[in-house]
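Here's the structure, in structure tokens; my notes come after.
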Amino acid sequence: MKEIPIQNIYYLLCYAWDKLEERDLVAVNAQKFKDLPNLFARVLVNGLRFLFKRGLDRSYRSSVEEYRGVKGKFQLTQSLKHNSLTLGRAYCECDELTHNVLQNQLLKATVHQLLRYTSLDSRNYDLLRPLYQRFHDVDDIRITSRDFSKVVLHRNNSFYKFLLNVARVLHENLLFDETKGQWTFRDFVRDEEKMAALFEKFIYNFYRHEVGNRYTVASEYITWQAVPIGDSSLEFLPRMKTDVTLTNVERKLVIDAKYYKEAMVSRYDQEKFRSAHFFQVHAYVSNLLNDANAGRRVEGVLLYPTVTVDFDQTFRVRGQTISFRTIDLRKPWTELESDLLNRIIR
């Protein structure tokens, strides 16, 4: 698969994260950056400037320290152990309002990691360095991917979510190459499993944001139109859950996002669509032909990224419409957006 423009990857991520407002707030000209780490570096520069201007998040943290006199909750055992009382001092437990909280530690650690990235351009380095120094009252920590899920966010600090998403991508893909003695960025676009999850979330949130005024957009479970015989139970049938379903009064459209390097398989020297994909969507559409959808057109679309050529094939199977379509993620964003709105769900 040819290279997807950096700007498009950025937009895919922003939709997948459901953070469009923040994307615009830290808007960057994605086309001018040579790689994703440099794009994300500038996103962090703009985002951190906003955070510092607004004020870094703070929280109360409990700590036990030695004070002159008594402050907070007196700790007798430690005070006696260190002979503090004879010196007019005491160990006390206090709740202190501090910037030294996990979300700030994660951002500081990510900036530090970026500053060591071999291919970080000099302009980004010069912009990031003073921002890193402003975290002087935040601890340096060694982070893991699990730390990102420990952060508790609420309405007043929700902007952190966007920057932490950026930080997590960088943390998981900036790797130290011991043979070269330098930091490199793993191209996660080549990771089919990660891109499949990203593609699915992108498609769902794109349509939820862009056509939510015309359709109810959901990922829904479909009930089998089947009747068990004897002691049989429907519980043993596999669950059917759509990636995206667009519903209005006239239409129900099921979109199944398939991020595959090869949308077709070769059989007897002839290219064929994957039978498992076809039967999956056929099952969805067939079981949606029920009383709840009476009067609606029920359709299914298998949506693939373009690999070598585009295709747009539609078939009517026993009165049901099923389409195989591609979307070219390499196109300029405005064209890609237009295709999603005007061709894929036409």
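In the numbering used here, the protein residues as written are 806 to 1151. Even for Gly, the Cβ is constructed at its ideal location relative to N, Cα and C.
- Collapsing the DSSP output to three states places A895 in a strand.
- In the three-state reduction of the DSSP assignment, G874 falls in the coil class.
- In this structure, DSSP gives R1123 a state outside helix and strand, which the three-state scheme calls coil.
- Remark: C-beta atoms of R934 and L920 approach each other more closely than 9 Å.
- Closest option to E1025, judged by alpha-carbon separation, among R928, R1044, K955: R1044.
- Minimum Cα-Cα distance from S867 among the listed residues Q880, F855, G860 corresponds to Q880.
- Between K966 and the set K886, S927, D862, A1081, the nearest pair of CA atoms involves D862.
- The C-alpha of F1129 lies about 23 Å from the C-alpha of G1017.
- As a beta-bridge residue in DSSP terms, Q1075 pairs with R1072.
- Its Cα nearest to that of F1004, the residue L818 stands out among Q812, L818, E808.
- Cβ-Cβ distances below 7 Å link L968 to L849, G852, L912 in the same chain, with the five nearest sequence neighbours on each side left out; the list follows chain order.
- Taking a contact as a CB-CB distance under 8 Å, the pair F1011 and L1145 counts as one, their CB atoms being some 6 Å apart.
- For R1148, the closest of S1038, L925, V1106 by C-alpha to C-alpha distance is V1106.
- Spatial neighbours of V1103 in its own chain (CB-CB distance under 7 Å, excluding positions within 5 residues in sequence) are listed in chain order as K1057, V1090, L1093, L1094, Q1125.
- Look at P842 here: in three-state DSSP terms it is helix.
- Inter-residue distance for N970 and W822 is about 8 Å (C-alpha atoms, whole angstroms).
- Runs of the beta strand (DSSP E) lying entirely within the segment 953 to 1000 and spanning at least 3 residues, in chain order: 979 to 982, 987 to 990.
- Linking G877 to K886 through their CA atoms gives a straight-line distance of about 19 Å.
- DSSP places E1104 in the uninterrupted beta strand (DSSP E) bounded by 1102 to 1110.
- Scanning R1123, K1046, Y1064, W988 for the CA closest to the CA of P1110 turns up Y1064.
- K1063 sits in coil when the DSSP states are folded into three classes, being neither helix nor strand.
- Judged by their CB atoms, N978 and F964 are not nearer to each other than the 9 Å cut-off.
- Look at K1046 here: in three-state DSSP terms it is strand.
- With distances taken between CA atoms, N834 lies nearest to W1138 out of V1054, K824, W1138, E1142.
- Taking 9 Å as the cut-off, the Cβ atoms of H917 and F953 do not count as close.
- Per DSSP, reduced to three states, the secondary structure at L1051 is strand.
- For A1023, the uninterrupted beta strand (DSSP E) run begins and ends at 1021 to 1023, by DSSP.
- Residues C819, H1014 of the same chain have their beta carbon placed closer than 8 Å to that of L825, with the five preceding and five following residues left out of the count.
- For S1038, the number of other beta carbons within 10 angstroms of its own is below 16, and it is reported as exposed.
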